[in-house]
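Sequential numbering of the sequence shown, starting at 0, is according to numbering that gives the first Met the number 0. No residue lacks a Cβ here, since even glycine has one placed at the ideal position from N, Cα and C. On a predicted model such as this, the values are computed, not experimentally measured, just so you know.
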Amino acid sequence: MAGADEASAAVDGAGATSAAADGPPGPLAGVGSVRAKIGLLVAGSILAAVVVLEAGRGAGVPAWLTLPVTLAVALVVTQWMARGMTVPLREMTRAADRMAAGDYRSVVRSAGRDEVARLAEAFTRMGADLDRADTTRRQLLETVSHELRTPLAAQRALLENLVDGVVQPDDAALQNALAQAERLSDLVADLLDLSRLESGAVPLKLTPTTVADLVGSAVAEAQVGARPVVHRTAVTPADLQVQVDPARLSQVVGNLLDNAARHSPAGGTVTVRASGPGAVGWSAVPDGSAVPDGSAVPDGSAVPDGSAVPDASDGPADAVAAGHWRLEVLDEGPGIPPGRTEAVFTRYGRGDDEGGGTGLGLAIARWICELHGGSVSAHPRPDGRPGACLRVDLPVQPVVAVPRRDVPAGGREAADPSAVPVRSTGSSASSVSSASSAQAVSTPGASPVGPAGPAVTDAHAVDALFGTAWPGERVRSAPAQLVGAVAVGALAALVLPEHDLGLGLLLVLLSGGALVLWSSVRRGTAWTVLSAGLSVALGSLVVLRAAEWLPVLVLLVVGVLVTTALTGAERLLPVLLGPPAWVLSAVRGLPLLQRTLATTRGHRLLWPVVRTVVLSATALVVFGGLFASGDAVFGAWVDRLLPDVDLALADTLVMRAFLWFFVAGVVLAATYLALNPPPVERANAPAPRRVTRPWEWAVPVGVVVAVLLGFLVAQASAMWGGHDFVRRSTGLTYAEYVHQGFAQLTVATALTLLTIALAVRVAPRSTPADRLLLRLLLGTLSLLTLVVVASALFRMSVYQQAYGYTVTRVLVDLFELWLGLLVVMVMVAGIRLSGRWVPRAALVSGAAMLLVLGLADPEARVAEANIGRYEQTGRLDLAYLATLGPDATPVVADRLPADLAACVLANQRSGSVSETGTGTEGVWGWNLGRARAASAVAAADPVDLAPEEASSCPVVLGEEGP
């Protein structure tokens, strides 16, 4: 467990970022069982759904509004209660990815006590164990490589000198070669010792050792390395003996000499001095005794060039502690920069960048010194000259100590925790490269992510749900969109309840649409501008016309225009995927919503003010209500203090809350779709399997063509034979005959378009003959379909003349006409063999037709046509005329006789309207159609009928039709 604690501490900073990103622990963090958490989660979401559903039903909220709000509240409660449950699993996924790249230092954090939390702890321990094993393996290879290099280089230099004749193969040379070989053998044997570093117990073979012999042997080996420096040694006292591991200490002296030689200039001097217990400063060495072989000399003897070793007057005195001895190595290099005297003993630590080496020699020296119970340190030269002094202080009779864990037996260096060796993989490298080179998205009101902003790297369960089908957003937060959606929802809650559809609805549509357009990443494209213009024009119909069915069609068409503009869809399948994407945005946008809310937590004033206001209001209502109901005097004071409350507003409070939540959610989902549209254009239907023989598709299409030809022959016979031929053949009147087949002809037109689409997918087009056959057959089919469309429109016209006009029949006429226009578009696409433009053209034409229909005032036109038919034939369906809305009121009041107009207006389903034209609901329900109806009623001054008189009015005048 100690190792795990060390690993945890080593990566504390890396793990904190991930933990902070996931937020505080959830409300179920204290539950100790995953099954119990899931049970509480299900129970809580169901309870929230039931409460909201019952509240909506009790307040009379319609089902179409209650159901989505209930689902959304249940989802929000689920998200809130489940917060933190999957955090350890996501962290383990990220940690596993890092482990696959070679980083075993991940810490998986969990604030819970359940099975997942225990799994997270086990995962962290496993990572720490793997990290130690990997560190040991790396250090073993690095240390062995470093230690083998020096004796191999010395042996190679000696052999080269022997081959070149520079050195004679005498006993001394051979003895040095044998010593190097023995050192190599010892280093190989040390592999077992190095593998035991994990436990911190490496055996030392302590033996009495003469320091002069040890230093002299190390200097002799260093001189064999042929570095261009002069070595000087001094041992005080000359017969100094200590208890050490000679092999280990030889490594120390060799590493110190090698370090000094590498940092000294060519021809420089490396001084080695050993002092026993109680020695102080530097002693003078008289001239005369040369030491050509670099062996240790007694105190006071001369060095080879006759210069004296500095005495105490050259530098500060520093006595050796009792029971200890000291070894110092001085060089003439640039010295160690201030602040780096400790770093040079860490792994890969260097005093400067000019000495070369791997940075492991001094780290190993420190490890060996600590094994002996001593230490090694770096100082400036005591004589004040350039260079460094590396000082080893060891006990004469050492007690074996455990070395420091960070050098080299511990984890990776604390001095550089970010230096983690990572194996590069193609996928990860490419993803990082693409992420770093991606440009920031310019999105109003959103914090960008790119070169100028932080990357969004926090994984979320929703991201895994959608995967590559809908990649994550490139914005970290969108506070402006959130505030705007809440404001639009509040506006809808204020102006829509208790008002007819009119000016208030238009204001809500315009404000929500403006926010979505402002947030869109495609707001500058021509298609988006065209869609926005059509949407505004269609939205204005809710103010111009009072027909209740018209806003429904307007909202459906505007919804398709909006989703197509936001997603950039062009083909049919992407266009069809747009509306579902709007609905799914409520789920896909949850990570962005959570990050946006998280950014507000850091606001020092916002949430404290909100909490204070909510708690104060709750306390005021609860305690004030209790005391007001329990004490008459206090209750009277409260009545005088409280302002008068609009009871109508209070009665619709639940409805307004539902509407606020619903509209805000719809607008917020649309803004997310605008910020991060899914790549719908990448969606493709399954690849078609084109037939190899043309007759495989041509025969079925030919059968359809033959059926259409037979239908046209029947139509010609009925037209040329007249009404008598139809009655003799079918027993039906001509009006009954044309009414009988209209619906079937409409369905046949739609199925013909589907047949054309299927034929295009499977028909081969590799040769000119194939393409010619495709054009001929589908062109013939399209022409015959246009004849079917014309027949259907003719049938409906005859039927309306016989039985009157209705709004439904007008809409069906318009739909059939739109299908005919689609057939023409398909014919043009068939000629060009390219139909990518057809879906957008069909959408624009449908929106334009609906706009023309709304501007034409269909209910008024239907009433006018029926009244004109009455004036000619005396037949009129008063019951249907009464079902028309206020748009038809001016025509009814103006053209019908007063008694009939009174009957129609008395039974009109829209109810009464005020003389001011604004209705009883105020300005937010204002509508031009209702205003004109009120003006027409006031000007015509029809007879007011009592309810019992209105019920006695005739239903149908003249012959009754179907």
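Here DSSP, grouped into helix, strand and coil, assigns W324 to strand. When the beta-carbon positions are compared, A477 and S518 come within less than 9 Å of each other. Under the three-state reduction of DSSP, T235 is assigned to strand. Per DSSP, S263 lies in no beta strand (DSSP E) and is assigned neither H nor E.
In this structure, A531 places its C-beta atom within 9 Å of the C-beta atom of L516.
The DSSP-derived three-state label of R247 is helix. Taking 4 residues as the shortest admissible run, the region 767-816 contains the following complete alpha helix (DSSP H) segments, listed from N- to C-terminal end: 767-802. For the 9 Å CB-CB criterion, V861 and V811 do not form a contact. Just measuring C-alpha positions, the residue of D212, L255, H262 and G511 sitting nearest Q240 is D212. One Cα belongs to R868, the other to A801, and the distance between them is close to 9 Å. Relative to the Cα of K204, the nearest Cα in the group E341, G59 and L370 belongs to L370. Spanning the alpha carbons of A233 and G322 requires a straight line of approximately 20 Å. For the set T270, A320, T340 and T149, the Cα lying nearest the Cα of Q250 is the one of T149.
If you draw a 10 Å sphere on the C-beta of G360, you find 16 or more other C-beta atoms in it, and that means buried.
Closest in C-alpha terms to S44, from the list A221, G57 and T69, comes T69. Of the candidates V761, Q138 and V553, V553 places its Cα closest to the Cα of M848.
Under DSSP, R390 forms a beta bridge with E327 and S376. Per DSSP, P207 lies in no alpha helix (DSSP H) segment; the continuous beta strand (DSSP E) that holds it begins and ends at T206 to T209. Sequence-distant partners of R655 (beyond 5 residues in either direction) whose C-beta falls short of 6 Å from its own C-beta, in its chain, are A492 and P496. Using a 10 angstroms sphere on the CB of G501, the tally of other CB atoms reaches 16 or more, which defines it as buried. Secondary structure at T270: strand, using DSSP grouped into helix, strand and coil. Assignment of L464 by DSSP, reduced to helix, strand and coil, places it in the helix class.
G373 and A237 have their alpha carbons spaced roughly 22 Å apart. Residue pairing of D638 in beta bridges, as defined by DSSP: absent, with no partner found. The straight-line gap separating the alpha-carbon atoms of E220 and N175 is approximately 7 Å.
The DSSP assignment places 837-854, 857-872 and 877-882 as complete runs of the alpha helix (DSSP H) inside the region 826-882, in order along the chain (cut-off: 4 residues). Two segments are said to touch when three or more pairs of C-beta atoms, one from each, lie closer than 8 Å; by this definition the region 700-710 does not touch the region 612-624.
With fewer than three CB-CB distances shorter than 8 Å, the region 876-887 does not count as touching the region 564-571. Here L744 is not near L821, since their CB atoms are 9 Å or more apart. When DSSP states are grouped into helix, strand and coil, Q167 belongs to the coil group. In the DSSP assignment, H230 forms a beta bridge with V269.
Excluding its 5 nearest sequence neighbours in each direction, G924 has C-beta neighbours in its own chain below 6 Å: H498, D499, G501 and G918, listed in chain order. Excluding the 5 residues flanking it on each side, L64 has same chain C-beta neighbours closer than 6 Å at F657 and F661, in chain order. Counting the other CB atoms within 10 Å of its CB gives L177 a total below 16, which places it among the exposed residues.
With fewer than 16 other CB atoms across the displayed protein chains lying within 10 angstroms of its CB, R112 is exposed.
Exclusion of the five residues before and after G511 leaves V487 and V666 as the residues of its chain whose Cβ lies within less than 6 Å of its Cβ.
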